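Enquirer: Below you will find the structure I want to go over with you.
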Amino acid sequence: MELKKASLHMDQVKCQINTQITLEEDKNISDRNPDAERLLMEKGRVVVEDVRPGTDSLAMKGKLEYEVLYSSEDGNRGLYRIQGEIPWEEKVRVERMETMDNPQVAVHIEDLRSSLINSRKINIRSLVNFCIRTREIRDDEILLDIEDAGNMEIKKESYSQSVIVADKKDVFRIKEDLELPSSLPPIGEVLWKYLDLGKWEIKPLEDNIGIQGEVHLFILYESAEEEPQIRSYETTIPFSGNVECPGTSSCMIADITPQVSYSNLGIKQDYDGEDRMLDVEMVLDIPIQIYEQREMEQITDLYGTSMDITPEYSAGSCKLILDKYQGRCKIAESLKLPASSGKILQICHIKPQVFIEDSAIENEGLCMEGILNVTLLYITDDDHRKYEVMKKDIPFSYTMDNMNLSSRTKWKINSMIEQSSAVILDENNVEVKCVVCFDVMIEEMREKMSVSNVKCKPFDEDVVNNAPSMVVYVPSKKENIWQVGKRYCVSQEAIKEINQLSSNEIERGQKILLVK
């Protein structure tokens, strides 16, 4: 007798927590800059510099890099920038964390606000979310078959399982040189810039991971002219490429969420020596997890008809990725400009951000509740308040229908802005339109009982000799041939043949003849 086993590469979440920290700083305006009248916009990026796992704890260290755009009544250009950083250290309790673990830390800024303390000092306050997760990889050994089984009855069951075939980290670099349109003057000084990852798509290919997406670029600058003017430029940069990943194929499932680890927008001279070239650089961290759906048949039970067979069972769980879904939600809202603002003349920039606040199963779909945070930079007819910013939270609800969901399923949501626009309706009203794209992966952990080993020995002679040669069995409830055969160590084929049965089911009160 030889046991045929297979070893499957499995992963599961060992521990996961979400935590928040609040960062705050009072920042003095540099002596080189004039007094601040109003704060317009702020942006930030959290850098995790060090992660040290311990026993049931995780120590983290990093910094919050921030920038603030403000207006001044200095009589010159009127817009200036402040930048700084807030160092932080945090130690959080993470049950089951060990010093040898390799935790994944996903971080995003939930809220970033600036306020004016006085004309020479501002306050920066930020709420930062951390999702800390540790995965463990294990080899799940299953019993597929038994060679030379002899007089042994074997029960097999089919099941589906998602096996991990690639688990690694990589990076994807984006580099592009752009030239300003000829209608715009050369760049003198950059006042404000955004370089963000827009919509993206990642697919497994043959021994590769295919990546494509967009980078959103916005720049506000003072022109290099005799009479400098503030100008703006906005564009979308498409990118595509591959990351090597041996062993993958197009029929596999990718669980990958890229993170921007570095971005920079540099200014270079063109062939005429003018600062008109934009040097775009971005680095994406790519945590690669590729799964393959396996249809397996394993032994779940067995007994002997001429030997005393004792199976050893093991309880476990297996991960099954049920499906991946995509959906799009259109959000449109008319916004009334503040009364303190002048009449709107031009929209310079719109920056939308999506936050999913809650998700739940509703009927046969997944209902998502969230907030679309919109920041709008525009120009007014008021020379003293020429540049204005309006910030608005737009609540939305979206349901993805016809999904394979149950109380045991879990889901992972990636949301991204696919399109955004702002249109002037009249001198005091603007209409904002956005298309939000959702990628949802549905998975389920299923419990299973498997045969891990088999012990064999001869039947006890006294038991065999004293056993009746023939038994009439009358079940008190509905049973099947396997249950009866295992109880009396009689093969299923023999039970069917003697009793002339065509079905495996035995009804209550049905007489079954069993022969030793």
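Each residue of the sequence shown is one higher than the one before, counting from 1 in the working numbering. Quick reminder that beta carbons are idealized off the backbone N, C-alpha and C, glycines included. Note that the coordinates shown come from a computational prediction; the quantities given were computed from them, not determined experimentally.
Between M152 and L3, is the Cβ-Cβ spacing less than 8 Å?
Expert: Working through the sequence shown from its first residue, we reach residue 152 at position 152. Working through the sequence shown from its first residue, we reach residue 3 at position 3. Their beta carbons are not under 8 Å apart, which means M152 does not touch L3 by this criterion.
Enquirer: For R173, which residues in the same chain have their Cβ closer than 6 Å to its Cβ, ignoring the five residues on either side in sequence?
Expert: Locating residue 173 in the sequence shown gives position 173, where the first residue counts as 1. V283, listed in sequence order.
Enquirer: Since I344 and V430 should fall inside the 8 Å C-beta cutoff, what is the C-beta to C-beta distance between them, to a whole number of angstroms?
Expert: Here residue 344 corresponds to residue number 344 of the sequence shown, with the count starting at 1. Here residue 430 corresponds to residue number 430 of the sequence shown, with the count starting at 1. 7 Å between Cβ atoms; contact.
Enquirer: Give the DSSP-derived three-state secondary structure of E497 in the structure shown.
Expert: Counting from 1 along the sequence shown, the entry for residue 497 is found at position 497. Helix.
Enquirer: Report buried or exposed for S450, applying the criterion of at least 16 other Cβ atoms within 10 angstroms of its Cβ.
Expert: In the sequence shown, counting from the first residue as 1, residue 450 sits at position 450. By the neighbour-count rule (16 or more Cβ atoms within 10 Å), S450 is buried.
Enquirer: Does E443 pass the burial test, meaning 16 or more other C-beta atoms within 10 Å, or should it be called exposed?
Expert: Position 443 of the sequence shown, counted from the start, is the residue given in the question as residue 443. So E443 ends up on the buried side.
Enquirer: Express the C-alpha separation of Q212 and N118 in angstroms, rounding to a whole number.
Expert: In the sequence shown, counting from the first residue as 1, residue 118 sits at position 118. In the sequence shown, counting from the first residue as 1, residue 212 sits at position 212. Answer to the nearest angstrom: the Cα atoms are 46 Å apart.
Enquirer: Taking contact to mean 3 or more Cβ pairs, one atom from each stretch, closer than 8 Å, check whether the stretch 237-253 and the stretch 159-174 are in contact.
Expert: Output reads yes: the stretch 159-174 touches the stretch 237-253.
Enquirer: What residue range is occupied by the uninterrupted beta strand (DSSP E) comprising E443?
Expert: By one-based count along the sequence shown, residue 443 stands at place 443. Its beta strand (DSSP E) spans residues N429 to K457.
Enquirer: Contact check, K5 vs I164 under 8 Å by CB: the rounded distance?
Expert: By one-based count along the sequence shown, residue 5 stands at place 5. By one-based count along the sequence shown, residue 164 stands at place 164. Their Cβ separation, rounded to whole angstroms, is 19 Å, which puts K5 and I164 out of contact at 8 Å.
Enquirer: List the endpoints of the continuous alpha helix (DSSP H) containing R487.
Expert: Walking along the sequence shown from the start, residue 487 turns up at place 487. Element bounds for R487: I481 to Y488.
Enquirer: Look at the alpha carbon of S469 and the alpha carbon of P311, and state the distance between them as a whole number of angstroms.
Expert: Indexing the sequence shown from 1 puts residue 469 at position 469. Indexing the sequence shown from 1 puts residue 311 at position 311. Their Cα atoms are separated by approximately 26 Å.
Enquirer: In terms of DSSP beta bridges, what is D177 paired with?
Expert: Walking along the sequence shown from the start, residue 177 turns up at place 177. In the DSSP output, where bridge partners are listed per residue, D177 has D279.
Enquirer: Give the single residue among I506, C367 and I350 whose Cα lies nearest to the Cα of V423.
Expert: As a first step, residue 423 is located in the sequence shown; it is residue number 423 there, counting from the start. Comparing Cα positions, the closest option is I350.
Enquirer: Considering just the uninterrupted stretch of the beta strand (DSSP E) at E189, what are its terminal residues?
Expert: The residue labelled residue 189 in the question sits at position 189 within the sequence shown. Segment I187 to L205, the beta strand (DSSP E) holding E189.
Enquirer: Compare the Cα-Cα distances from K63 to each of G365, E85, Q12 and L220 and report the closest residue.
Expert: Counting from 1 along the sequence shown, the entry for residue 63 is found at position 63. Ranking the options by Cα distance to K63, first place goes to E85.
Enquirer: Residues in the same chain with beta-carbon distance under 7 Å from D148, minus the five sequence neighbours each way, listed in chain order, please.
Expert: For the purposes of this step, residue 148 is taken as residue 148 along the sequence shown, with counting starting at 1. Closer than 7 Å at Cβ, skipping near neighbours: M1 and E2.
Enquirer: State the DSSP-derived secondary structure class of Q492, mapped to helix, strand or coil.
Expert: Here the question's residue 492 lines up with position 492 in the sequence shown. In the structure shown, Q492 sits in a helix (DSSP, three-state: H, G or I).
Enquirer: Within the continuous alpha helix (DSSP H) that includes V463, where are the two ends?
Expert: Stepping through the sequence shown from its first residue, residue 463 is reached at position 463. V463 -> alpha helix (DSSP H) spans E461 to N466.
Enquirer: Can you tell me whether DSSP reads D383 as helix, strand or coil?
Expert: The count along the sequence shown starts at 1 and reaches residue 383 at position 383. Reduced to three states, the DSSP call for D383 is helix.
Enquirer: From this set, T399, R120, K478 and L220, which residue's C-alpha is nearest G509's C-alpha?
Expert: Sequence index remark: in the sequence shown, residue 509 carries index 509 (1-based). Nearest C-alpha to G509: K478.
Enquirer: Decide if T22 is buried, meaning its Cβ has at least 16 other Cβ atoms within 10 Å, or exposed.
Expert: The count along the sequence shown starts at 1 and reaches residue 22 at position 22. So T22 ends up on the exposed side.
Enquirer: Fully enclosed by the stretch 64-95, which alpha helix (DSSP H) runs are 4 residues long or longer?
Expert: As far as the stretch 64-95 is concerned, it has no whole alpha helix (DSSP H) run of at least 4 residues.
Enquirer: Please state the DSSP three-state secondary structure of A339.
Expert: Numbered from its first residue, the sequence shown carries residue 339 at position 339. Note: A339 maps to coil in three-state DSSP.
Enquirer: Going by DSSP, name the residue or residues bridged to R45.
Expert: What you label residue 45 is simply residue 45 of the sequence shown in a count that begins at 1. DSSP output for R45 lists E65 as bridge partner(s).
Enquirer: With contact counted as at least three CB pairs below 8 Å, one residue from each stretch, are the stretch 310-324 and the stretch 494-509 in contact?
Expert: No, the stretch 310-324 does not touch the stretch 494-509.
Enquirer: Going by other Cβ atoms of all chains shown within 10 Å of its Cβ, with 16 needed for buried, is A360 buried or exposed?
Expert: By one-based count along the sequence shown, residue 360 stands at place 360. So A360 ends up on the exposed side.
Enquirer: For K486, I'd like the list of residues in its chain whose CB is within less than 6 Å of its CB, leaving aside the five on either flank, ordered along the chain.
Expert: Walking along the sequence shown from the start, residue 486 turns up at place 486. Only Y303 meet the Cβ criterion.
Enquirer: Out of G273, E24 and N102, point me to the one whose CA is closest to S126's CA.
Expert: Position 126 of the sequence shown, counted from the start, is the residue given in the question as residue 126. Per the Cα distances, E24.
Enquirer: Use the C-beta contact count for P395: other C-beta atoms within 10 angstroms, 16 or more gives buried, fewer gives exposed.
Expert: Taking the sequence shown and counting its residues from 1, the one referred to as residue 395 is at position 395. Classification for P395: exposed.
Enquirer: Could you spell out where the beta strand (DSSP E) holding E147 opens and where it closes?
Expert: As a first step, residue 147 is located in the sequence shown; it is residue number 147 there, counting from the start. From DSSP, the beta strand (DSSP E) with E147 extends over K121 to E147.
Enquirer: What does the Cβ neighbour count give for P181, buried or exposed, with the cut at 16 atoms within 10 Å?
Expert: Taking the sequence shown and counting its residues from 1, one reaches residue 181 at position 181. Under this definition P181 is an exposed residue.
Enquirer: In chain order, what residues of the same chain lie with their CB nearer than 8 Å to the CB of D275, ignoring the 5 residues before and after it?
Expert: Looking up residue 275 in the sequence shown gives position 275. P186, I187, G188, A224, I267, K268 and Q269, listed in sequence order.
Enquirer: Taking only beta-carbon atoms, is I331 less than 8 Å away from chain D?
Expert: Protein chains in the displayed structure number just one, and chain D is not present.
Enquirer: Would V207 be called buried (16 or more neighbouring beta carbons within 10 Å of its own) or exposed?
Expert: Counting from one through the sequence shown, the residue named residue 207 turns up at place 207. First, the amino acid is wrong: residue 207 is Asp here, not Val. D207 is exposed by the Cβ-count criterion.
Enquirer: Taking only three categories from DSSP, how would you classify P228?
Expert: Taking the first residue of the sequence shown as 1, we reach residue 228 at position 228. In this structure, P228 counts as coil in the three-state DSSP scheme.
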